[in-house]
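Here the structure comes first, spelled out in structure tokens, and everything after it is commentary.
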Amino acid sequence: MRTAPASAYSVLAHEANVDALWEPAIRPLLERRFPRATREEIRDARAYAYGGAVIQDLGRDFAALRAVM
394 MRTAPASAYS VLAHEANVDA LWEPAIRPLL ERRFPRATRE EIRDARAYAY GGAVIQDLGR
454 DFAALRAVM
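Using the working numbering, you'd call the opening residue of the sequence shown number 394 and step up by one each time.
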């Protein structure tokens with residue numbers, strides 16, 4: 394018996410991980426590592442965290458775009 398792929402949920406699940414861990418773990422880590430970072434830079438880092446969390450969900454089809462460019 395095989396299970397059905399649940400890829401439709403993967404992007405939301407990975408974004409939810411960033412949201413759940415932002416305040417208790419990720420933000421404090423960034424503030425310790427980059428003590429001179431402004432609030433705006435820390436806010437921008439969250440956008441990059443979202444991108445890094447979901448890029449693997451784009452998978453093979455996204456990688457194929459590189460060949461077209």
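We put the CB at the ideal spot given by N, CA and C, even for glycine.
Check your understanding: For the segment 401-454, which segments carrying the alpha helix (DSSP H) assignment without a break, of at least 4 residues, lie completely within its bounds, in sequence order?
Key -> DSSP runs (the alpha helix (DSSP H)) wholly in the segment 401-454: 420-426.
Point to revise | Backbone CA spacing between Ser403 and Val411 [nearest angstrom] | key: 13 Å
Point to revise | Residue closest to Trp415, alpha-carbon to alpha-carbon, out of Ala430, Ala438, Leu405, Glu433 | key: Ala438
**Study point:** the ligand MN heavy atom lying under 7 Å from the CB of Arg439
**Key:** In terms of ligand content, the structure shown is empty, and the ligand MN therefore cannot be addressed.
Point to revise | Within 8 Å, strictly: CB atoms of Ile435 and Arg425 | key: no
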